Amino acid sequence: MNLAAKDIRYNLGRFTLATVGVGMLLMVVMGMGGIYRGIMEDAILLVDRVEVDLWIVQKNTRGPFAEVSRVPTNLVFRSLAVPGVLTAREFVYHTIQREQNGRPLRISVLGLSWPTDKGEWLPLSAGRPLTQNHYEMIADETLKLALGEKIKLGKETYTVVGTTKNMINSTGDGIAFFTVADAQAIQFDVPGESTRLERAARYGRGERSDIGSNQPSLLDNAEKSSAELPTLPLPQISAVMVTVSPAVDVSQVAKIISGWGDVSVYTSDGQRELLLKGMVEKVRKQIGLFRILLTVIAAIIMGLILYTMTLDKIHSIALLKLMGAPNYVILGLIMQQALMLGALGLVVAYSVGSKVFPLFPRRVILTQYDLIQLAVIVLVISITSSLLGIWKALKVSPNEALS
Amino acid sequence: MNKSVPSQYVIETEAITKIYGSGNTEVVAMRDASMQVEPGKVVALLGPSGSGKSTFLTAVGLINPPTSGRIIIQGKPILDGKNALVNLRSFRRQHIGFVFQKSNLIPFLSAIENVQVAMEINGLSPPAARKRAQELLDYLGVGDRANNSPSMLSGGQQQRVAVARALANHPSVILADEPTAALDSHRGRQVMELFAQVAHEQGAGVIVVTHDHRSLDIFDILYEMEDGILQKKTRETIS
Numbered sequence: 003m004n005l006a007a008k009d010i011r012y013n014l015g016r017f018t019l020a021t022v023g024v025g026m027l028l029m030v031v032m033g034m035g036g037i038y039r040g041i042m043e044d045a046i047l048l049v050d051r052v053e054v055d056l057w058i059v060q061k062n063t064r065g066p067f068a069e070v071s072r073v074p075t076n077l078v079f080r081s082l083a084v085p086g087v088l089t090a091r092e093f094v095y096h097t098i099q100r101e102q103n104g105r106p107l108r109i110s111v112l113g114l115s116w117p118t119d120k121g122e123w124l125p126l127s128a129g130r131p132l133t134q135n136h137y138e139m140i141a142d143e144t145l146k147l148a149l150g151e152k153i154k155l156g157k158e159t160y161t162v163v164g165t166t167k168n169m170i171n172s173t174g175d176g177i178a179f180f181t182v183a184d185a186q187a188i189q190f191d192v193p194g195e196s197t198r199l200e201r202a203a204r205y206g207r208g209e210r211s212d213i214g215s216n217q218p219s220l221l222d223n224a225e226k227s228s229a230e231l232p233t234l235p236l237p238q239i240s241a242v243m244v245t246v247s248p249a250v251d252v253s254q255v256a257k258i259i260s261g262w263g264d265v266s267v268y269t270s271d272g273q274r275e276l277l278l279k280g281m282v283e284k285v286r287k288q289i290g291l292f293r294i295l296l297t298v299i300a301a302i303i304m305g306l307i308l309y310t311m312t313l314d315k316i317h318s319i320a321l322l323k324l325m326g327a328p329n330y331v332i333l334g335l336i337m338q339q340a341l342m343l344g345a346l347g348l349v350v351a352y353s354v355g356s357k358v359f360p361l362f363p364r365r366v367i368l369t370q371y372d373l374i375q376l377a378v379i380v381l382v383i384s385i386t387s388s389l390l391g392i393w394k395a396l397k398v399s400p401n402e403a404l405s
Numbered sequence: 592m593n594k595s596v597p598s599q600y601v602i603e604t605e606a607i608t609k610i611y612g613s614g615n616t617e618v619v620a621m622r623d624a625s626m627q628v629e630p631g632k633v634v635a636l637l638g639p640s641g642s643g644k645s646t647f648l649t650a651v652g653l654i655n656p657p658t659s660g661r662i663i664i665q666g667k668p669i670l671d672g673k674n675a676l677v678n679l680r681s682f683r684r685q686h687i688g689f690v691f692q693k694s695n696l697i698p699f700l701s702a703i704e705n706v707q708v709a710m711e712i713n714g715l716s717p718p719a720a721r722k723r724a725q726e727l728l729d730y731l732g733v734g735d736r737a738n739n740s741p742s743m744l745s746g747g748q749q750q751r752v753a754v755a756r757a758l759a760n761h762p763s764v765i766l767a768d769e770p771t772a773a774l775d776s777h778r779g780r781q782v783m784e785l786f787a788q789v790a791h792e793q794g795a796g797v798i799v800v801t802h803d804h805r806s807l808d809i810f811d812i813l814y815e816m817e818d819g820i821l822q823k824k825t826r827e828t829i830s
């Protein structure tokens, strides 16, 4: 006869309430683990998805994700000249915040190196990759931009031609993919008035210098657009992504490029480490510690519930002892209830969590490993939290059955 | 020294004394109480409240060991003063049945389960325990209420279930502490007759603590406890 099950059946309402309560608490523990996992995965998602061997960034920076990096566009061609380099692509990445339909819209703008990269590698949930050099974009679903929707960024209007699922940056902002040219246009967009003022200032500086007097054509050029002036630098890119030929050792190529005085080079693993150790380390630790705290609280609450449940049947326990029940019968009664409470709480946590977590603004990822880990934690806290009840039950005298 | 010796008594107590506290707070609850009960005999233990009846019963029931004296059950020394000579809980499980003033049934078990659990913790298989539990309930006239929870049974029915539980493991000793206190006189007498029937049919020694003098004719032996002193009485000498 399973005394634990019989007692639960007798006190079904209370046990159900206790189970739901413990389940909700475990759901929070599970959720914290999921948020932790989500932050980790989101942080390195882009590096993983892009699948390149080397990232070339501005010298002594940890770019392009951990900090701002600026490198010249022609770095692509220098990279291609290195023996063993298979492909080199421009990478433009920055975050903007605009207003769309009255709500703030944070977009991580990522430039695809048109025409070699049209976004075919992206996990499209709808639509298609880019098919033209301008005015098209692929947006992540978290940006809540519908297929075909038009959005004005800077002076241009872009049409959403594709959507992706779970393409977000390390801070949880959805990524939108443009061509590099469009991404730069968005990044370096300035109002017309600023352009006119800059040109006037440039003309004024020319007029005040001897060169301007000696070379009038220079003053004519000063009023032209920046792109037409060979002496002005072109807009810079964030990084260059390099893939290495399969037969070539990546570290050898990295060694050559790292010898250049103006850039730093990271492998994809190096980028992952920069992101995990640099950008999300504190958040990761904070959530990890909070999760430990919640687990301890769950254990204490479970312990109190089980202790109260034991107190409620202390007379029955004394009676069982009076009848000569061995200690393992009493221990089994309490331990089984603790395990049932923990196991059912875990089921409640998973069932409710699976429905609730997708509604969270950031990804909550429940991996099999984390679920197994939580199940082991629940097993441990079920056993430890039942110890107080077991201690009380073993201490009770059979005499109490007579009182 | 502790070996079993053939004995004509199922219960023997040899000058058992129970003292609570020490020094100035010392209280002697029971002094040199000796009793012998033959198999199949029903003993009434009478006496006013606080006289030490329950102390004697819990000592014989191996719940509350005496301070001194010996308790021998079925010829086997069990307690020598406070020293247990066997595993008391195990011995209690196999040889002693209890019935209390209140039925003391486990509330989360049905009537039949209350009887069944006593046998299961003694190692009987669940199907066999259930079968015997049903037989006992039938024997005691509450077989039709087997699946009812204790709260759905009347006081008399609960007490019959408690008796069934006490009989479950074929005990050689049945101890009852005012088992009829919560019952009307008719039901009370029925329960007392039940003890006598069980004692006679199963050869158990039964000690019943009671205040009810109307049922004294049912008992084979009478003892009276007063101020911790146990004395054998007859119907004529009982106070």
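Line by line, the protein sequences are chains E and S.
For the first sequence, this note's numbering gives the first residue as 3, with consecutive numbering after it.
For the second sequence, this note's numbering gives the first residue as 592, with consecutive numbering after it.
The beta carbon of each residue, even a glycine, is placed where N, CA and C say it ideally should be.
Nothing here was measured: the structure is a model prediction, and the numbers come from that model.
Check                                                                                                                                                               : Outcome
Can you grab the Cα-Cα spacing for the pair residue 401/E / residue 768/S, in whole Å?                                                                              : 13 Å
Give the residues of chain S in contact with residue 331/E, contact being defined as C-beta atoms less than 7 Å apart.                                              : 712
Between residue 593/S and residue 663/S, what straight-line distance do the alpha-carbon atoms span, to the nearest angstrom?                                       : Annotation note: pLDDT 45 at residue 593/S (below 50); position unreliable, coordinate value reported separately. Rounded to the nearest angstrom, the two C-alpha atoms are 10 Å apart.
Closest to residue 784/S by CA distance: which of 635/S, 613/S and 628/S is it?                                                                                     : 635/S
Inspect the beta-carbon positions of residue 242/E and residue 58/E and report whether they are closer than 8 Å.                                                    : yes
Once DSSP output is grouped into helix, strand and coil, what is the label at residue 270/E?                                                                        : helix
Does the distance from the C-beta atom of residue 255/E to that of residue 265/E stay below 8 Å?                                                                    : no
Cβ closer than 7 Å: which chain S residues qualify as neighbours of residue 391/E?                                                                                  : In chain order: nothing, as chain S lies at least about 16 Å away.
Could you tell me which of 766/S, 745/S and 740/S sits nearest to residue 754/S, measuring between CA atoms?                                                        : 766/S
Keeping to the same chain, check which residues put their C-beta closer than 7 Å to that of residue 172/E; ignore five residues upstream and five downstream.       : 44, 45, 67, 277, 281 and 282
So with CB distances below 7 Å, who are the chain S contacts of residue 12/E?                                                                                       : 698 and 699
Are the CB atoms of residue 240/E and residue 95/E nearer to each other than 8 Å?                                                                                   : yes
For chain S, is any of its Cβ atoms less than 8 Å away from the one on residue 291/E?                                                                               : no
Going by DSSP in three states, residue 393/E sits in which element: helix, strand or coil?                                                                          : helix
Can the beta-carbon of residue 443/E be found closer than 8 Å to that of residue 186/E?                                                                             : Residue 443/E is absent from the structure shown; chain E starts at 3 and stops at 405.
Contact between the segment 668-682 of chain S and the segment 723-739 of chain S: three or more CB pairs below 8 Å?                                                : no
Going by C-alpha to C-alpha distance, which of 828/S, 821/S, 826/S and 827/S sits closest to residue 621/S?                                                         : 821/S
How would you label residue 92/E, buried or exposed, when you count the other beta carbons within 10 angstroms and need 16 or more for buried?                      : buried
Between which residues of its own chain and residue 301/E is the CB-CB distance below 7 Å, once the five residues before and five after are set aside?              : 383, 386 and 387
Rounded to the nearest angstrom, what separates residue 656/S and residue 6/E at their Cα positions?                                                                : 31 Å
Got a sec: is the Cβ-Cβ distance from residue 318/E to anything in chain S below 8 Å?                                                                               : yes
Tell me which residues share the same chain as residue 399/E and place their Cβ nearer than 8 Å to its Cβ, disregarding the 5 neighbours each side in the sequence. : 320 and 323
Report all residues from its chain with a CB closer than 8 Å to the CB of residue 129/E; omit the five preceding and five following residues, and keep chain order. : 140, 149, 162, 163, 164 and 165
What does the alpha-carbon distance come out to for the pair residue 333/E and residue 739/S?                                                                       : 27 Å
Look at residue 108/E and residue 97/E and say whether their C-beta atoms are less than 8 Å apart.                                                                  : yes
Does the beta-carbon distance from residue 304/E to residue 344/E come in below 8 Å?                                                                                : yes
Residue 728/S and residue 706/S - do their beta-carbons sit closer together than 8 Å?                                                                               : yes
Where does residue 154/E sit, in a helix, a strand or coil, going by DSSP?                                                                                          : strand
Strictly below 9 Å CB to CB, what residues from chain S border residue 328/E?                                                                                       : 680, 681, 684 and 712
Taking DSSP as the reference, what is the three-state secondary structure of residue 592/S?                                                                         : In this prediction, residue 592/S scores a pLDDT of 43, lower than 50, which makes its location untrustworthy; no coordinate-derived value is stated.
What does a CB cutoff of less than 7 Å around residue 138/E pick up in its chain, not counting 5 residues either side in sequence?                                  : 132, 160, 161 and 163
Can you tell me which of the three DSSP states residue 635/S falls into?                                                                                            : strand
Under 7 Å Cβ-Cβ, which residues of chain S neighbour residue 9/E?                                                                                                   : 699
Strictly under 8 Å for the Cβ-Cβ distance: is residue 403/E near chain S by that measure?                                                                           : yes
Distance, Cα to Cα, residue 167/E vs residue 20/E?                                                                                                                  : 38 Å
Measure from the alpha carbon of residue 762/S to the alpha carbon of each residue in 614/S, 652/S and 638/S, then state which is nearest.                          : 652/S
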